[in-house]
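Note that the sequence shown covers residues 5 to 220 in this note's numbering.
To start, the structure under review is shown below, and the notes come after it.
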Amino acid sequence: MADRARVTLETDSEEAQWTLITEYAMDAVYDLPELPACDRAFYLPGGSTTNVWLDIRGDVEAIVEQETSRWDDLVSEGLATGWHVEQYPLEAMPGEYEALFGKQGADLWDQLLALSSRLSRSVEEEFAELPAPVDEYPDEESPARIGWWALLHALTEQMGYSLDDEFDAHLEGMRTNIENMARVDGAERANRRLDDLEEELDNLREQIDTGPPSEE
């Protein structure tokens with residue numbers, strides 16, 4: 005019996021992919037763990053495809069038997085063009101996650117993906133349109149910018165992490181981002197963003213050394 009499986013829900017466009025995520029996947033990560041057979045569920049956009057990956061953990065055969073009619077309905081309703089299941093035993097983690105993170109790290113990655121999948125529904129319910137990554141209101145004069153980054157900052161603070169913890173988390177995230185960018189978009193693109201980062205850090209160092217502007 006397989007303990008882990010990936011259900012690939014197929015779509016033919018980015019718009020259809022997002023519709024499937026918002027109308028099915030965001031709810032499925034809450035609904036599936038309510039089944040006695042399901043320990044955990046999370047979704048991911050399907051890499052370089054327009055598919056949606058729904059990863060399930062638990063008694064895969066029982067989950068698939070329970071959900072087959074629902075996945076067939078997604079096709080008949082036009083939300084998906086097809087679906088298939090890939091099963092793998094507990095000791096064989098999908099992809100290179102275990103090679104990257106180790107066994108315990110790969111299990112934590114699973115847990116974090118399930119958590120972020122559930123959080124995504126709250127984000128979708130909160131915003132008609134997602135905030136810009138850095139500056140949602142570029143035309144408004146203000147001393148600081150506000151955007152998606154602030155949610156990550158606020159959640160980190162609310163969970164009791166220190167400023168050093170936050171710095172370390174962002175640094176590791178930046179390293180991962182640059183490595184992914186080099187792999188997906190090429191070294192030239194990644195090096196351009198590294199140049200941007202160096203310029204920002206130089207400006208920040210000068211700002212810190214100079215101190216805040218005096219009030220007159």
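Cβ atoms here follow ideal geometry from the backbone N, Cα and C, with glycine treated the same way.
Computed from a predicted model, the values in this text were never measured in an experiment.
Please list the terminal residues of the continuous alpha helix (DSSP H) segment that includes Thr12.
Element bounds for Thr12: not the alpha helix (DSSP H) but the beta strand (DSSP E), 8–14.
Could you have a look at Gly86 and say whether DSSP puts it in helix, strand or coil?
strand
Helix, strand or coil for Gly62? Go by DSSP, reduced to three states.
strand
Hey, could you find the ends of the alpha helix (DSSP H) Tyr34 is sitting in?
30–35
Would Val127 and Leu134 qualify as a contact pair, given that the criterion is a beta-carbon distance under 9 Å?
Contact: yes.
By DSSP, does Leu48 sit in helix, in strand, or in coil?
In this structure, Leu48 counts as strand in the three-state DSSP scheme.
For Gly62, count the other beta carbons within 10 Å of its own beta carbon; 16 or more makes it buried, fewer makes it exposed. Which is it?
When all chains shown are included, Gly62 counts as buried.
Just the Cα atoms here: how many angstroms apart are Phe105 and Asp213?
38 Å
Helix, strand or coil for Leu205? Go by DSSP, reduced to three states.
helix
Val33: which of Leu175, Glu144, Ala45 sits nearest, CA to CA?
Proximity to Val33 across Leu175, Glu144, Ala45 peaks at Ala45, based on C-alpha coordinates.
Nearest by alpha-carbon distance to Leu123: which of Ala103, Leu159, Val188 is it?
Leu159
Would you list, in sequence order, the uninterrupted alpha helix (DSSP H) runs of no fewer than 4 residues that lie entirely inside the segment 101–142?
Entirely contained in the segment 101–142, the alpha helix (DSSP H) runs reaching 4 residues are, in chain order, 101–130.
Is there contact between the segment 53–61 and the segment 136–153, where contact requires at least three CB pairs shorter than 8 Å?
Fewer than three Cβ pairs drawn from the segment 53–61 and the segment 136–153 lie within less than 8 Å of each other, which leaves the two stretches out of contact.
Check the C-beta distance from Ala29 over to Gln70 and give it rounded, since I have them as a contact under 8 Å.
At roughly 17 Å, the Cβ-Cβ gap does not stay under 8 Å, so Ala29 and Gln70 are not in contact.
In this structure, how does DSSP classify Leu94 when only helix, strand and coil are distinguished?
Caution is warranted here: a pLDDT of 48 is assigned to Leu94, below 50, making its placement in the model unreliable, and the coordinate value is therefore given only provisionally. If DSSP states are grouped into helix, strand and coil, Leu94 belongs with coil.
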